[in-house]
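Enquirer: According to full-length UniProt numbering, the sequence shown is numbered sequentially starting from 3. We treat Cβ as the ideally placed atom computed from N, Cα and C, and that holds for glycine. Mind having a look at this structure? Questions to follow.
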Amino acid sequence: ASTLKIEDLTVEIEGSEIIKHFNLEIKGGEIHAIMGPNGTGKSTLASAIMGHPKYEITHGSVILDGEDVLEMEVDERAKAGLFLAMQYPSEISGVTNADFMRSAINSKREEGDEISLMKFIRKMDEKMDKLEMNQAFSQRYLNEGFSGGEKKRNEILQLLMLEPKIAILDEIDSGLDIDALRVVSNGINEMKSESFGCLIITHYQRLLNYITPDRVHVMMQGRIVKSGGAELAERLEADGYDWIKEELGIED
Ligand code: ADP
Ligand code: MG
Ligand code: MG
3 ASTLKIEDLT
13 VEIEGSEIIK
23 HFNLEIKGGE
33 IHAIMGPNGT
43 GKSTLASAIM
53 GHPKYEITHG
63 SVILDGEDVL
73 EMEVDERAKA
83 GLFLAMQYPS
93 EISGVTNADF
103 MRSAINSKRE
113 EGDEISLMKF
123 IRKMDEKMDK
133 LEMNQAFSQR
143 YLNEGFSGGE
153 KKRNEILQLL
163 MLEPKIAILD
173 EIDSGLDIDA
183 LRVVSNGINE
193 MKSESFGCLI
203 ITHYQRLLNY
213 ITPDRVHVMM
223 QGRIVKSGGA
233 ELAERLEADG
243 YDWIKEELGI
253 ED
């Protein structure tokens with residue numbers, strides 16, 4: 003199984019330290035959740051791992067199966083098996099959803115071993131059915147004019163199509179109604195296997211009613227301050243974050 007090892011990671015944005023000596027290891031077969039109040043650096047962590055140029059990594063490492071992710075170009079990270087669903091997916095005009103996904107799949111494969119058009123269409127149909135998406139979405143420009151919920155569904159479609167080794171999903175549940183939440187959760191649950199590890203970043207506990215994480219981590223002020231099992235998410239739903247702040251003597 004694959005392993006993503008985030009070690010002692012420190013990330014700055016415009017000179018201020020947002021992620022502080024952050025440590026986490028995710029293995030294939032495991033689902034981890036990071037929860038935490040707004041502004042604690044959850045999205046910064048995801049963006050930094052994916053190689054967003056605005057985020058400066060001043061310390062630490064991110065290693066996927068022995069390879070230094072931070073040394074890779076952004077497209078190499080995807081090719082190495084890393085997948086990131088952003089909190090705010092971007093729109094690409096002039097590129098259809100189907101074309102985008104087909105080239106994303108092929109860029110992960112060796113030259114001469116590209117997925118055939120027939121196989122691609124069959125797979126895309128199957129996954130779209132599973133996500134209860136209208137077939138018309140395959141010919142629409144990527145994310146252009148998609149509603150918030152449609153974008154999130156489309157991110158999960160990419161996940162099912164690309165079959166990464168490790169996925170980081172940032173607020174994949176935000177803005178979803180209950181039906182979309184169920185569909186998106188089913189998609190993630192379907193991926194669960196020894197060859198897939200997942201980090202779910204969420205502000206709310208409700209996604210975790212559908213996906214049972216193996217580990218739950220609470221993030222505050224740029225680092226993990228508490229870890230536990232699925233019961234930790236339930237406690238957060240019931241009691242919020244204040245008790246942790248008190249326990250740790252953290253001031254707002
Ligand atoms: P979360 O996802 O946990 O809500 P973020 O990672 O989005 O938190 O933000 C963490 C902190 O970094 C916040 O104080 C936010 O204002 C700051 N921050 C995030 N992105 C930028 C940016 N592009 N420029 C300046 N500050 C930023
Ligand atoms: Mg936020
Ligand atoms: Mg965020």
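1) Express the C-alpha separation of residue 205 and residue 12 in angstroms, rounding to a whole number.
2) Leaving aside the five residues before and after residue 38 along the sequence, list all residues of the same chain whose C-beta is less than 7 Å from its C-beta, in chain order.
3) Would you kindly check if the distance between the Cβ of residue 102 and the Cβ of residue 164 is under 8 Å?
4) Assign residue 124 to buried or exposed, taking buried as 16 or more other Cβ atoms, counted over all protein chains shown, within 10 Å of its Cβ.
5) Would you check if the distance between the CB atom of residue 133 and the CB atom of residue 185 is smaller than 8 Å?
6) Cα separation between residue 229 and residue 178?
7) Less than 7 Å between the CB of residue 44 and some heavy atom of ligand 3, yes or no?
8) Can you give the Cα-Cα distance for residue 201 and residue 217, rounded to whole angstroms?
9) Rounded to the nearest angstrom, what separates residue 264 and residue 190 at their Cα positions?
10) Sorry if obvious, but does the Cβ on residue 157 come closer than 7 Å to a heavy atom of ligand 3?
11) Under 8 Å by Cβ, that's how I've got residue 83 and residue 166 pegged, so tell me the actual separation to the nearest angstrom.
12) Tell me the DSSP secondary structure of residue 62 in three-state form.
13) Residues in its own chain within less than 6 Å of residue 26 by CB, not counting five upstream and five downstream?
14) What first and last residue would you give for the beta strand (DSSP E) that runs through residue 222?
15) Unbroken alpha helix (DSSP H) runs of length 4 or more, entirely within the region 65-124: which are they?
16) According to DSSP, simplified to helix, strand and coil, what is residue 165?
Expert: According to the structure shown:
1) About 22 Å.
2) Correct list, in chain order: 44, 220, 221 and 222.
3) Judged by their CB atoms, residue 164 and residue 102 are not nearer to each other than the 8 Å cut-off.
4) Per the 10 Å Cβ criterion, exposed.
5) Yes, the pair counts as a contact, with Cβ atoms nearer than the cut-off.
6) Each residue's Cα considered, the two are about 26 Å apart.
7) Distance from the C-beta of residue 44 to the nearest heavy atom of ligand 3 is below 7 Å.
8) Residue 201 and residue 217: Cα-Cα distance of roughly 10 Å.
9) In this structure the chain extends from 3 to 254, so residue 264 is not present and cannot be described.
10) Taking 7 Å as the cut-off, the C-beta of residue 157 does not count as close to any heavy atom of ligand 3.
11) With a contact defined as Cβ atoms closer than 8 Å, residue 83 and residue 166 qualify at about 5 Å.
12) Strand at residue 62.
13) The beta carbon of residue 26 sits closer than 6 Å to those of 8, all from its chain and outside the five residues before and after it, given in chain order.
14) Where residue 222 is concerned, the enclosing beta strand (DSSP E) stretches over 217-222.
15) Look at the region 65-124 and you find these whole runs of alpha helix (DSSP H), each 4 residues long or longer: 76-81 and 99-109.
16) The answer is coil: DSSP assigns residue 165 none of H, G, I, E or B.
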